[in-house]
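> Sequential numbering of the sequence shown, starting at 3, is according to this note's numbering. Mind having a look at this structure? Questions to follow.
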Amino acid sequence: MDFNSKEFAAYLEPEAPRADIIQNFLKDHGIDSVKTVIDGKNHILVQFPSKMYNPQFKIKTVCAHYDRVAGSPGANDNSAADWMLMDWAVSLASMERFHNVRIFFTDGEELGWNTGVNEQGAFGIASVFKRLGFVNDDVFVFDSCGRGEIPILARQTFPENSSQSFLRSYNDLYERTQNILRRSCPGRWMSLPVPYSDNASFLACGIPAMAITMLPAQEAALYSRELLNDKNLENAVMNRSVSKKEREFSETPEYSYKERMPATWRLFHTQRDDIPSLTPGSIRVMGNILRTLAETVTPII
Numbered sequence: 003m004d005f006n007s008k009e010f011a012a013y014l015e016p017e018a019p020r021a022d023i024i025q026n027f028l029k030d031h032g033i034d035s036v037k038t039v040i041d042g043k044n045h046i047l048v049q050f051p052s053k054m055y056n057p058q059f060k061i062k063t064v065c066a067h068y069d070r071v072a073g074s075p076g077a078n079d080n081s082a083a084d085w086m087l088m089d090w091a092v093s094l095a096s097m098e099r100f101h102n103v104r105i106f107f108t109d110g111e112e113l114g115w116n117t118g119v120n121e122q123g124a125f126g127i128a129s130v131f132k133r134l135g136f137v138n139d140d141v142f143v144f145d146s147c148g149r150g151e152i153p154i155l156a157r158q159t160f161p162e163n164s165s166q167s168f169l170r171s172y173n174d175l176y177e178r179t180q181n182i183l184r185r186s187c188p189g190r191w192m193s194l195p196v197p198y199s200d201n202a203s204f205l206a207c208g209i210p211a212m213a214i215t216m217l218p219a220q221e222a223a224l225y226s227r228e229l230l231n232d233k234n235l236e237n238a239v240m241n242r243s244v245s246k247k248e249r250e251f252s253e254t255p256e257y258s259y260k261e262r263m264p265a266t267w268r269l270f271h272t273q274r275d276d277i278p279s280l281t282p283g284s285i286r287v288m289g290n291i292l293r294t295l296a297e298t299v300t301p302i303i
């Protein structure tokens, strides 16, 4: 794939029919897909032949949202990841052995960024999974993966009263995801607090989910230092409430939290989230991650 291709530029056009572009791309490469409407959101499920699945191993549900905030090209949030997963789907279709991958291109992720997780399109998918008992999938969310070469695995904390069975499942998936990154990007990845993406919908429904994004090395290192210097920054990133007392004892005024976040994240939902802001090196890194993910299978115990 190429960020400078005419096809990718067309995907970023303001009135581009993004769902149709995804499905037409898949169809042109001999891959079936279906548009699944849940709660008024149009999700795209990639359909691989049954021979690509082995019931003795866990299903890997992989998500990337294709919607974007109005007025923004959405090159990194989240067109780059869409394009990478579309290209990956072509590779998966030609694998000689099973891969157990289920891909969703989700609609409505951006609806939850300032209104709550229940408005996210993926919340409907997660709710259906829970209702049907599909709570043992390994769920991976890729969001904003076109800028930088350092994969960032979202680090989460949960309330003390969280279900112990959920925490065990979550920690197991977290460790296995770290192993995927260790193999695909040895010594070149980090685990840090990351703003919620579609993973929030699955977590809200009690389904463990991992979120992976990318950052330039310098931004990732600076962000890591800022987290150590300001205990309230993680709360701000995760949209958790910060008490008045905590703000009083913080050396960092609340209004400056945004300036302490990675520059990449400050491009989100703006006109500057464009093709020139992307870095071609991210394609190679993501290719390694997705290839390792496809090859990794986990027995159902």
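All C-beta atoms in this analysis are idealised placements derived from N, C-alpha and C, irrespective of residue type, glycine included. For clarity, every value in this text was computed on a predicted model and none was experimentally measured.
(1) My assumption, with CB atoms under 8 Å, is that Ser193 sits in contact with Leu224. Please give the rounded CB distance.
(2) Quick check: what's the CA-CA separation for Gln58 versus Ser165?
(3) Using the Cβ count rule (16 or more neighbours within 10 Å means buried), how would you classify Ile302?
(4) Here's the rule I'm using: 16 or more other beta-carbon atoms within 10 Å means buried, otherwise exposed. How should Arg268 be labelled?
(5) According to the Cβ coordinates, are Ile152 and Arg190 closer than 8 Å?
(6) When burial is assigned at 16 or more other CB atoms within 10 Å of the CB, is Asp30 buried or exposed?
(7) What three-state label does DSSP hand Leu269 in the structure shown?
(8) Skipping 5 residues on each side, what residues in its chain have a beta carbon closer than 7 Å to that of Thr298?
(9) By the 10 Å Cβ neighbour count, where 16 or more other Cβ atoms means buried, how is Arg20 classified, buried or exposed?
(10) Output needed for Ala222: all residues of its chain with C-beta closer than 6 Å, excluding positions within five of it in sequence on either side, in chain order.
(11) Spell out a yes or no on whether the region 85-100 and the region 129-137 are touching, meaning 3 or more CB-CB pairs, one atom from each, closer than 8 Å.
(12) Count the other CB atoms, across all protein chains shown, that sit within 10 Å of the CB of Glu17; report buried if there are 16 or more and exposed otherwise.
(13) Measure the beta-carbon distance from Tyr214 to Val137 and round it to whole angstroms, keeping in mind my assumption that it falls under 8 Å.
(14) Closest to Val64 by CA distance: which of Val119, Val48, Lys53, Lys8 is it?
(15) Our contact map puts Phe311 next to Met54 with C-beta atoms below 8 Å; I'd like the distance itself, whole angstroms only.
(16) In angstroms, rounded to a whole number, what distance separates the CA positions of Ile285 and Val92?
(17) May I ask you to report which of helix, strand or coil DSSP gives Met54?
(18) How long is the line joining the alpha carbons of Asn44 and Gly283, rounded to whole angstroms?
(19) Quick check on the DSSP output: what are the complete alpha helix (DSSP H) runs of length 4 or more inside the region 8-50, in order along the chain?
(20) Rounded to whole angstroms, what's the CA-CA distance from Ala77 to Leu169? Just pull it up for me.
(21) Any chance you could list the beta strand (DSSP E) runs of at least 3 consecutive residues sitting entirely within the region 157-229, in chain order?
(22) Could you spell out where the beta strand (DSSP E) holding Thr108 opens and where it closes?
Reading from the atomic positions:
(1) Not quite, the Cβ-Cβ distance comes to about 16 Å (not below 8 Å), so this is no contact.
(2) 26 Å
(3) exposed
(4) exposed
(5) yes
(6) exposed
(7) coil
(8) Ile182
(9) buried
(10) Ile152, Met192
(11) no
(12) exposed
(13) Checking the displayed sequence, the identity of residue 214 turns out to be Ile instead of Tyr. At roughly 21 Å, the Cβ-Cβ gap does not stay under 8 Å, so Ile214 and Val137 are not in contact.
(14) Val48
(15) Examination of residue 311 is not possible in this model, given that the chain is present from 3 through 303 alone.
(16) 15 Å
(17) helix
(18) 31 Å
(19) 8-13, 20-30
(20) 34 Å
(21) 192-194, 211-217
(22) 103-108
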